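K.L.:
Pasting a structure here, questions to come.
Residue numbers (my numbering): 12 to 211.
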């Protein structure tokens, strides 16, 4: 959950609204990809708050209809999920309130529609990066699996090389927030990718 100056956004809602305070007013829900541990709560959110838009890259839409592919079967809770209200696209810039933007970065590999999100704050009419959300594409000293049905090792390599280029252009201590595990920063994440041969 991110509170961007009163614009509360959910990313990868594993849990439904009952896990949050009643006073929270969510403006939008984003999914980095369509695995159950990242979208398990989306049906509850949409049932209770149908006006809240659900956004995801369309390449992962087929996963929503197959419990084996979206991994809900693996978790013992087979589910079919509704399609997103809005499709995300690579390079898309989304306004979040008056002072923030979200840049969508498609990073296929873990799944075809895997996406990262660069959060920017507007300062003197210029976007200033404040966080990078990497889903299951990049973790602290690791990266996402590619041995799932929708995984692709070659695409993952390309995505990690792209992220390396992005990370080296970001502020050194910018928080890099993965879908699992510890938060790292742009400098450490870039060093790790370079050490693993993803520097291009």
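Where a beta carbon is used, it is the ideal one built from N, C-alpha and C, also for glycine. Treat the numbers as computed from the prediction; the structure is a model and nothing was measured.
Relative to the C-alpha of residue 110, which candidate in 207, 209, 14 has its C-alpha closest?
P.N.:
Sequence index remark: in the chain shown, residue 110 carries index 99 (1-based). For residue 110, the nearest C-alpha among the options comes from 14.
K.L.:
Pick from 102, 107, 181, 184: whose alpha carbon is nearest that of residue 21?
P.N.:
Counted from its first residue, the chain shown places residue 21 at position 10. Nearest of 102, 107, 181, 184 to residue 21, Cα basis: 107.
K.L.:
Kindly say whether residue 35, judged by its beta-carbon, lies nearer than 9 Å to any beta-carbon of chain D.
P.N.:
Reference to chain D is not applicable here, since this structure consists of a single protein chain.
K.L.:
Report the start-end ranges of each beta strand (DSSP E) in the stretch 104-178 that is 3 residues or longer and not cut off at the edges.
P.N.:
For the stretch 104-178, whole beta strand (DSSP E) runs of length 3 or above, ordered along the chain, are 104-107, 111-117, 126-134, 137-146.
K.L.:
Once the 5 residues before and after residue 141 are set aside, which same chain residues still bring their CB inside 6 Å of it?
P.N.:
For this step, residue 141 is matched to residue 130 along the chain shown. Around residue 141: 130, 132.
K.L.:
Counting beta carbon pairs with one atom in the stretch 157-167 and one in the stretch 195-208, are three or more of them shorter than 8 Å?
P.N.:
With a cut-off of 8 Å, the stretch 157-167 and the stretch 195-208 do not count as touching, because too few Cβ pairs lie within range.
K.L.:
Who does residue 40 pair with in a DSSP beta bridge?
P.N.:
What you label residue 40 is simply residue 29 of the chain shown in a count that begins at 1. Partner(s): 21, 65.
K.L.:
Would the beta-carbon of residue 156 fall within 9 Å of that of residue 184?
P.N.:
Position 145 of the chain shown, counting from 1, holds the residue named residue 156. Position 173 of the chain shown, counting from 1, holds the residue named residue 184. Cβ distance not < 9 Å, so residue 156 and residue 184 don't count as in contact.
K.L.:
Within 10 Å of its beta-carbon, does residue 124 have 16 or more other beta-carbons around it, so buried, or fewer, so exposed?
P.N.:
Within the chain shown, numbered from 1, the residue matching residue 124 stands at position 113. The residue in question, residue 124, is buried, as its Cβ has 16 or more Cβ neighbours within 10 Å.
K.L.:
Does the stretch 141-152 touch the stretch 54-63, meaning 3 or more C-beta pairs lie closer than 8 Å?
P.N.:
The stretch 54-63 is not in contact with the stretch 141-152.
K.L.:
Report the option in 67, 96, 139, 86 whose CA atom is closest to the CA atom of residue 117.
P.N.:
Within the chain shown, residue 117 is the residue found at index 106, counting from 1. Of 67, 96, 139, 86, the residue nearest in Cα terms is 67.
K.L.:
When DSSP builds the beta bridges, which residues end up paired with residue 187?
P.N.:
Reading the chain shown from its first residue, position 176 is the one you call residue 187. In DSSP, residue 187 forms a bridge with 143, 195.
K.L.:
Can you list, in chain order, the residues of its chain whose CB lies under 6 Å from that of residue 12, leaving out five sequence neighbours each side?
P.N.:
In the chain shown, the residue the question calls residue 12 occupies position 1. The residues are 21.
K.L.:
Counting along the chain, where does the alpha helix (DSSP H) carrying residue 15 start and finish?
P.N.:
For the purposes of this step, residue 15 is identified with residue 4 of the chain shown, where counting begins at 1. Run containing residue 15: none in the alpha helix (DSSP H); it sits in the beta strand (DSSP E), 13-15.
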